[in-house]
Each structure stands twice: as C-alpha cells, then as structure tokens.
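Undergrad:
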Amino acid sequence: MPNAFATIADTITGTLVTSVTALSGNVAGALSGPALLGVTIYILWMGYLTIMGKVDSPVPTLVMKMVKIALVVFFAVGAGAYQSLVVPAIQGMESWLVGALSGVGATSIPDQVWQTTVALDRFLIDLGTLRAPPDVGVGAISVSLPDFEYMFFQLVVNVGHFIMVILAMVPYLIAKVTLGILLALGPLFIILIIWPATVRFFEAWVSAVVTAVLTFAILSAIIGFVLPIADQIMNTITPGSVGLWGIAAVLVPTYLILGWLAFTAGSVAGQLSGGGGTGNPLATLVGSGMHHLLRGSRGSRSANTGGQVSSRSGGTGAAQKGGAQSEAK
Numbered sequence: 001m002p003n004a005f006a007t008i009a010d011t012i013t014g015t016l017v018t019s020v021t022a023l024s025g026n027v028a029g030a031l032s033g034p035a036l037l038g039v040t041i042y043i044l045w046m047g048y049l050t051i052m053g054k055v056d057s058p059v060p061t062l063v064m065k066m067v068k069i070a071l072v073v074f075f076a077v078g079a080g081a082y083q084s085l086v087v088p089a090i091q092g093m094e095s096w097l098v099g100a101l102s103g104v105g106a107t108s109i110p111d112q113v114w115q116t117t118v119a120l121d122r123f124l125i126d127l128g129t130l131r132a133p134p135d136v137g138v139g140a141i142s143v144s145l146p147d148f149e150y151m152f153f154q155l156v157v158n159v160g161h162f163i164m165v166i167l168a169m170v171p172y173l174i175a176k177v178t179l180g181i182l183l184a185l186g187p188l189f190i191i192l193i194i195w196p197a198t199v200r201f202f203e204a205w206v207s208a209v210v211t212a213v214l215t216f217a218i219l220s221a222i223i224g225f226v227l228p229i230a231d232q233i234m235n236t237i238t239p240g241s242v243g244l245w246g247i248a249a250v251l252v253p254t255y256l257i258l259g260w261l262a263f264t265a266g267s268v269a270g271q272l273s274g275g276g277g278t279g280n281p282l283a284t285l286v287g288s289g290m291h292h293l294l295r296g297s298r299g300s301r302s303a304n305t306g307g308q309v310s311s312r313s314g315g316t317g318a319a320q321k322g323g324a325q326s327e328a329k
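Start counting the sequence shown at 1; every next residue gets the next number (full-length UniProt numbering).
Given below as structure tokens:
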C-alpha cells in the first residue's frame, strides 16, 4: 500500500511539473501587455518627477530602480526565464532536502517513504528469523502449526506503519499541489515587485512558497527518524529472547507519534516562515496578504484619527483663548 501512495504521489508530481510550466507560461503571456503598459507609465512618471526636480533620490538610485525593473520584467514575462530558472530551482529543493535528511538515498518524499517501508519489512522478516527455530521457516513454530502470535504482531505493526504513511502523505500532497498552484501564478506576483504599493503581495507569495518547501524538509526529517529507531530495537534483540509485544509497544506508538508530527508539518512550516500556523501554504498566502492589508488600513485609520484629535484640540484651544480675551475686556 505505501508503494501505491508513492506511485500516486509521483504521478501527481509529474503532472504538476508539466502543468506548472504550461500555466506559468500562459500567465506570463497574459501579463506581458499590462506589465509593459504599467512599467511604461511608471518610468514616464519617474522621468517627469525627475525633470521637475521633485525627486530627492540621486541619479544612481534611480538607475538601480530601472535595473531592478528590467530584471523583474525579465524573470516574470521574459522568454521562458521563469520556467527555466525559477521553477526548476524551487522544485529541486525537495530532492536536495530529502537527499540531505533522509539518509537512504531517496530523491523525493514518496521514494523515502517506500524505501523506509521496504527496510521495515526486512526488519520484520529478520525478527521472524530470530524467533523461528533453525529447521522451521519464518512465521511458524512447527512444521505444521503457524506462529499466530508473530502473524498478529506483524499485522499490528503494519497497521501502525500504514497509519503513519497516510498521515505523512496528506500534508505532502497538499503542499505539493499548493506549491504547483503558487508556481503557476508566480509571474503575477513577481511583477508586483515593481510598484511599492504591491510589494507586500510578493512577500506573501514568497512566504507561502517557503512554507511548502519547509513542509517537505520537516516531513523528510520526521520520516528519517523511523529507521534509526527500528535499527536501535534490532540491536537489542538476541535469538531466543524476542519479546514481540514489547517491540510492538515501542514501534506502534512511535509510528503514531511520528505520523501526528508529520500531519502537523504544514502548521509548523507556516510558523517558521512567518505566515502563521495555517497548515496550508495557500492559506498562508491569503493570511499573510490579509495581515498586510489590515495593518495598512489600521495605520491609515489611526493617522486620520490623530488628525481629527489635533484639530479638535486646536479648536478647543482657540475657544478658550477667545473666552479669556472677552473676560479681560
């Protein structure tokens, strides 16, 4: 069954890679016209302010702004620059993180899950070999009588492992699909760097992307704990003294705890990236954007309130001054 999860995840990943390239290209093509118009208006406006002497920034600062605009336009709507440079770099982070954290030579989290499952099955086979007499096969206590205790133990351990796999694959698939959506919309958010009023939306997009990448890292680290724990248990086993239910009492709760930690990996990643513990990178994007909007509206409201208070206090002061003058007369 874990191999089925790995197959499904790899199929979704392959589909997402193709879809992200196509959709991001369509978004970049649709943005080329409005982006060119907006950049042209912005440059003309900055040129007008410079000619009129209303810009306090020195010329090198303006030149750097123009260079930044050129780079942003190149990566957002350039000839495949986003699809060939940005998308592969972000998607390649999963392979790099899994390779660094897994310890089993895996290239993706589904691959790591599958290799871990194979290693744990080998662990159970070795355990059965230690339990069985030399002249009897694994899973039997005599030539004709199966070892029902071992078979039930194997079932319990496999169920615990199956639950852990499900709990780990749910946040992985959510983060993977959400990252694909974010990458497909990437050119739209990258182009927003040009205008100061819209930079916060690009920052929210980056926060959501980082949340997805950190989710992969946390999941890989959690899954990487399984094999060392199993190896530690195997090192304590000696032939003829195999306590099956003592091993199950350690393995199954460990599976459940690691599965729960894996299930909450998205929330932890959201907190680390500054987007809050949403558990979903796309929700992190929306939450971060709303946070910026509410903070901006709150700041403008407090500024307006401050102006009204000062005007009222000024009016009150003038009235008191007029009353004092009339009393003096």
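Where a beta carbon is used, it is the ideal one built from N, C-alpha and C, also for glycine. None of the values given here were measured: they were computed from a predicted structure.
1) Tell me which residues share the same chain as residue 265 and place their Cβ nearer than 6 angstroms to its Cβ, disregarding the 5 neighbours each side in the sequence.
2) DSSP on residue 334, reduced to helix/strand/coil?
3) Quick check on DSSP: helix, strand or coil for residue 15?
4) For residue 176, name the three-state secondary structure that DSSP assigns.
5) Check the C-beta distance from residue 256 over to residue 181 and give it rounded, since I have them as a contact under 8 angstroms.
6) Which one of 72, 203 and 109 has the shortest CA to CA distance from residue 169?
7) Quick one, are the C-beta atoms of residue 119 and residue 227 less than 7 angstroms apart?
8) Please say whether residue 32 and residue 77 have beta carbons closer to each other than 7 angstroms?
9) Tell me which residue opens and which closes the alpha helix (DSSP H) that residue 185 is part of.
10) Do residue 267 and residue 207 have their C-beta atoms closer together than 7 angstroms?
11) Can you give me the start and stop residues for the alpha helix (DSSP H) that residue 202 sits inside?
12) Along the chain, where does the alpha helix (DSSP H) that runs through residue 270 open and close?
13) Please report how far the alpha carbon of residue 123 lies from the alpha carbon of residue 183, in whole angstroms.
14) Considering only C-alpha positions, which residue in the set 271, 270, 232 and 243 is nearest to residue 254?
15) So, at 7 angstroms on beta carbons, what are the nonlocal neighbours of residue 39 in its own chain, with the 5 sequence-adjacent residues on each side left out?
16) Could you check the C-alpha separation between residue 24 and residue 244 for me, to the nearest Å?
17) Could you say which of 97, 205 and 86 lies nearest to residue 17 if we only look at CA atoms?
18) Is residue 50 buried or exposed, if buried means 16 or more other CB atoms sit within 10 Å of its CB?
19) With distance defined between alpha-carbon atoms, name the residue in 92, 125 and 154 nearest to residue 246.
20) If you reduce the DSSP assignment to three classes, tell me which class residue 113 lands in.
21) Skipping 5 residues on each side, what residues in its chain have a beta carbon closer than 8 angstroms to that of residue 12?
22) Distance, Cα to Cα, residue 98 vs residue 82?
TA: Taking the coordinates as given:
1) Reading the sequence shown from its first residue, position 265 is the one you call residue 265. 171, 215, 218 and 219, listed in sequence order.
2) Coverage of the chain is limited to positions 1 through 329, which leaves residue 334 absent and any answer about it impossible.
3) Taking the first residue of the sequence shown as position 1, residue 15 is located at position 15. Here DSSP, grouped into helix, strand and coil, assigns residue 15 to helix.
4) In the sequence shown, the residue the question calls residue 176 occupies position 176. Three-state DSSP puts residue 176 in a helix.
5) Counted from its first residue, the sequence shown places residue 256 at position 256. Counted from its first residue, the sequence shown places residue 181 at position 181. Beta-carbon to beta-carbon, residue 256 and residue 181 are separated by about 31 angstroms, too far to satisfy the 8 angstroms threshold.
6) On the sequence shown, position 169 is the one that residue 169 refers to. The shortest C-alpha separation from residue 169 is found at 109.
7) Here the question's residue 119 lines up with position 119 in the sequence shown. Here the question's residue 227 lines up with position 227 in the sequence shown. In this structure, residue 227 lies closer than 7 angstroms to residue 119 by Cβ.
8) The sequence position of residue 77 within the sequence shown is 77, counting from 1. The sequence position of residue 32 within the sequence shown is 32, counting from 1. It is a contact, given that the beta carbons lie within the stated cut-off.
9) In the sequence shown, the residue the question calls residue 185 occupies position 185. Neither: residue 185 is in no alpha helix (DSSP H) and is coded neither H nor E.
10) On the sequence shown, residue 267 is found 267 positions in, with the first residue counted as 1. On the sequence shown, residue 207 is found 207 positions in, with the first residue counted as 1. No, Cβ-Cβ distance for residue 267 and residue 207 is not below 7 angstroms.
11) Taking the sequence shown and counting its residues from 1, one reaches residue 202 at position 202. It spans 199 to 224 - the alpha helix (DSSP H) in which residue 202 sits, taken as one unbroken run.
12) Translated into positions along the sequence shown, residue 270 becomes position 270. For residue 270, the enclosing alpha helix (DSSP H) has its first and last residue at 265 to 272.
13) Sequence index remark: in the sequence shown, residue 123 carries index 123 (1-based). Sequence index remark: in the sequence shown, residue 183 carries index 183 (1-based). Distance between residue 123 and residue 183, taken at the CA atoms: about 40 angstroms.
14) Position 254 of the sequence shown, counted from the first residue, corresponds to residue 254. Nearest C-alpha to residue 254: 232.
15) Taking the first residue of the sequence shown as position 1, residue 39 is located at position 39. Beyond the five residues adjoining it in sequence on each side, residue 39 comes within less than 7 angstroms, by CB distance, of 69, 73 and 194 in the same chain, given in chain order.
16) Taking the first residue of the sequence shown as 1, we reach residue 24 at position 24. Taking the first residue of the sequence shown as 1, we reach residue 244 at position 244. The alpha-carbon separation between residue 24 and residue 244 amounts to approximately 53 angstroms.
17) Sequence index remark: in the sequence shown, residue 17 carries index 17 (1-based). When only C-alpha atoms are compared, the closest one is 86.
18) For the purposes of this step, residue 50 is taken as residue 50 along the sequence shown, with counting starting at 1. Exposed, since its Cβ has fewer than 16 Cβ neighbours within 10 Å.
19) Counted from its first residue, the sequence shown places residue 246 at position 246. The shortest C-alpha to C-alpha distance from residue 246 to any of 92, 125 and 154 is the one to 154.
20) By 1-based counting over the sequence shown, the position of residue 113 is 113. Helix, per DSSP.
21) By one-based count along the sequence shown, residue 12 stands at place 12. Same-chain partners within the cutoff: 173, 176 and 177.
22) The sequence position of residue 98 within the sequence shown is 98, counting from 1. The sequence position of residue 82 within the sequence shown is 82, counting from 1. Between the C-alpha atoms of residue 98 and residue 82 there is a straight-line separation of about 24 angstroms.
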